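Reminder that position 16 of the sequence shown reads as 20 in this note's numbering, one-by-one numbering, no gaps. Here a beta-carbon is modelled for each residue, glycine too, at the ideal position from N, C-alpha and C. Keep in mind it's a predicted model, so treat the numbers as computed, not measured. A short worksheet on the structure shown next.
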Amino acid sequence: MARDRSPIVKQSRREGVALHPKAHKVLARKSTIPGEHGNGRQNKPSMYATQLREKQKVRRMYGLLEKQFAKLMNEATRKDGLTGENLLRFLEQRLDNTVYRAGFATSRRAARQLVGHGHFELNGRRVDIPSIRVKPGDVIVVRPKSTKSVYFTAELDNVLKNSVQGPLGWLKSNPKKFTIEITGLPTRAEAEPDINDQLIVEYYSR
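Here's what the structure looks like:
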């Protein structure tokens, strides 16, 4: 299973946004980009550079590789509706993001690991592919065997207490029963708030 193994804190500094909870403290101390010349004078970025950075930020935010992200963008372009909104909806519908949004993990990386280790069932079938796209009517449950693991018996309560995820209109989470029910489709307003999807569309329209 391919994934970006570069340090998430370094990625966060490069994009100027916390891509993981542990990056918040680091960004508070080091707001410059990583590298030897990170503290040097920064020229005003070109439009291309601005578009590129927005694309990289969102790609890293959701944990996709370049090829995966470009493929998703192509699909969003072909589908009816606004391309940017289609893209964000596809990203939100990923299984790993759904687990994160439901509050079962502190980050998308952690959620990806939980899914990859096969701790969940989708509509009664064990799944271990984080990129699976959920749809209305789907039911995600923690596997009975996994509910007895240390994470789900001891750690999940703390994860839920520290979760920054608010209620969402497209899913219902029941941590006590270890279930997530997909009730609708994510809206643009329910995606991450600091995303300029138009810049991403423009980047791929060059």
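query = Using the C-alpha atoms, what's the distance from Glu196 back to Tyr49?
reply = Position check: residue 49 holds Pro in this sequence, whereas Tyr was assumed. Rounded to whole angstroms, Pro49 to Glu196 spans 23 Å at the Cα level.
task = Confirm, please, whether the CB-CB distance from Leu91 to Met77 is below 7 Å.
result = Contact: yes.
key: Terminal residues of the alpha helix (DSSP H) in which Phe94 lies   = Thr87 to Glu96
ask   = Straight-line CA distance for Ala158 to Arg116?
value = 20 Å
inquiry  = Under 8 Å: do the region 165-185 and the region 59-66 share three or more Cβ pairs, one atom per stretch?
reply    = no
query = So is Ile133 buried or exposed if we call it buried at 16+ other beta carbons inside 10 Å?
reply = Exposed, by the Cβ-count rule.
request  = Could you please give the first and the last residue of the uninterrupted alpha helix (DSSP H) stretch that includes Thr81?
outcome  = Glu70 to Arg82
inquiry  = If the criterion is Cβ atoms closer than 7 Å, does the pair Pro190 and Glu96 meet it?
reply    = yes
task = Using alpha carbons as the reference points, say which of Thr187, Arg112, Gln169 and Ser167 lies closest to Lys228.
result = Outside the displayed range of the chain (5 to 210) lies residue 228, so it cannot be described from this structure.
inquiry  = Can you give me the C-alpha to C-alpha distance between Ile144 and Ala114, rounded to a whole angstrom?
reply    = 17 Å
task = May I ask you to report which of helix, strand or coil DSSP gives Glu196?
result = Glu196: coil per DSSP, three-state reduction.
key: Residue of Asn101, Ala193 and Gln55 minimising C-alpha distance to Met65   = Asn101
message = Taking the straight line between their C-alpha atoms, what separation do you get for Tyr52 and Val154?
response = 47 Å
query = What residue does the beta strand (DSSP E) around Lys176 start on, and which one ends it?
reply = Leu175 to Asn178
key: Nonlocal neighbours in the same chain, by C-beta distance under 8 Å from Leu126, ignoring five residues either side   = Leu99, Ile136, Val138, Asp142, Val143 and Ile144
ask   = Around the Cβ of Ser209, are there at least 16 other Cβ atoms within 10 angstroms (buried) or fewer (exposed)?
value = exposed
key: Beta carbon of Gly122 nearer than 7 Å to that of Arg130   = yes
Closest by C-alpha distance to Ser150, when choosing among Leu68, Phe124 and Asn162 = Phe124
Cross-strand partners of Ile184 (DSSP beta bridge) = Ile144 and Ser177
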